[in-house]
Structures are given as structure tokens and as C-alpha cells.
Amino acid sequence: MIDHETGGRSAAGEASALDPAQTFEDRPIGEYLRRQRLLRGMSTEELAALTRIPLRSLERLESGHFDGETDGFVRGFVRTVATALGLDADDAIARMLHEPRAATWERQASVQRLRRWTVVAALVVAGLIVFFVVRAGLRLIGGAAAAPAARDVVIWQDPVRALAEATGAELDSAVGLEPPRAPERR
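Going by this note's numbering, the sequence shown opens with residue 244, and the numbers climb by one from there.
Next comes the structure, spelled out in C-alpha cells:
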């Protein structure tokens, strides 16, 4: 049924759209308040005038935009709407606080995972920095500031020895490098 004053459904048409199988405890706070407003035969415009909450904010509250949020503005809206509908405001707030918030839990788990990996990455980077600083410090203290350069192998050849080998002379006797013999005693 279309309400020509508001351009939308009438209270009777909206009430039939709700799922009767859901209990009041299972419904999100926005749907609960909407159901209570419809049971009292009140339009959103009347509720907006009564509560002085902007119509757009009431529509967003009833559509579930604020479901799962518990900040001060949402609590204030819920308290004001519940009071205007003749409901217990504290009961409505308690109902809002006990709503399941699976999306929030998933978001928190994702944030916790990100924090955990950030901490692990930071510890790895800090460990590498400490390792290289200590390594450089030990090299400076130990005197090995730089890696030893590769040395060229130099083979020194005695030119006299090379000449003697070329002529075939005996080296030790030719040069006189043989130590003198001790005199024999008889």
C-alpha cells in the first residue's frame, strides 16, 4: 500500500515486509527500532519532528547503517528514538551493545595480523642492523678494517745459481758453499 503523503510505503505495508521468524533479540538495533515505530503507527517524518533528529539520520539508523557501531552519536540517537517510542532507553542501548559484530571481529583480526607481521618485520630489520653494526665494530677493534689484499707471488732467482745450472757445474762445490770439514783425529 502506497502512502501518498510520504511517497513511500505505509506502516501496514512496511510491517508485512519484516521477517516474523526473527526474535526481537536477533534483530539489529535499526530494524528493532523500525519495527517498534511501525507497531506504533508512526511515520519517520513524525519521529523526526518529535525527536529533532534529521530524517536522513533516522532513515540510516533504521536501514542498518549504524548497526554494530556504538559511538556516542549512535547511542544518543538510539536513546532518543527509544524514549520517543515509549521504550526503555537503557534496554535499547543494551540491545545495541550485545549485537553480534562479525565484520568488526574480522576487521580486528586482520588488524592484529598486520600488527603482528609489522612487529616481526621490524624485529628482523633491527636484528640485521645490530648484526652489521657489531660486525663492523669488531673488525675495527680487531685491526682488520679491510680484507687483506691478494699478494702477488714473487719468485726470486739467483743469477749466479742460474748460470751454474746452465753450465752443469756442481753448485755446492763450485761456489764453495760446502762447510769445511773438521780435521780428522787419529
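Just so you know, even glycine gets a beta-carbon here, dropped at the ideal spot from N, CA and C.
Reference residue i; option with closest CA among the options
i       : options                            : result
Thr-323 : Ser-306, Leu-293, Thr-313, Asp-401 : Leu-293
Same chain, Cβ closer than 7 Å to residue i, five either side skipped, listed in chain order
i       : result
Leu-383 : none
Ala-388 : Residue placement at Ala-388 cannot be trusted, given a pLDDT of 48 that sits under 50; the coordinates are not used to answer.
Pro-297 : Ala-291
Start-to-end residues for the alpha helix (DSSP H) that takes in residue i
i       : result
Val-324 : 315-327
Val-403 : 402-410
Ile-336 : 332-340
Arg-270 : Element bounds for Arg-270: n/a, residue is neither H nor E.
Val-300 : According to the sequence shown, residue 300 is Ser rather than Val. Looking at the DSSP string, the run of the alpha helix (DSSP H) that includes Ser-300 is 298-306.
Glu-289 : 287-294
Proximal residues to residue i (C-beta, below 8 Å), its chain only, five neighbours per side dropped
i       : result
Arg-283 : Leu-328, Gly-329
Met-339 : Ile-272, Thr-313, Val-317, Arg-318, Val-321
Sequence-distant residues of the same chain with beta carbon closer than 6 Å to residue i, five excluded per side
i       : result
Gly-307 : Pro-271, Gly-273
Leu-304 : Gly-273, Phe-320
Phe-375 : none
Integer-rounded CB distance, given that residue j should sit under 8 Å from residue i
i       : j       : result
Thr-291 : Leu-301 : For clarity, residue 291 is Ala in the given sequence; the question names Thr instead. The pair is a contact, with the Cβ atoms about 5 Å apart (cut-off 8 Å).
Ala-335 : Ala-325 : 4 Å
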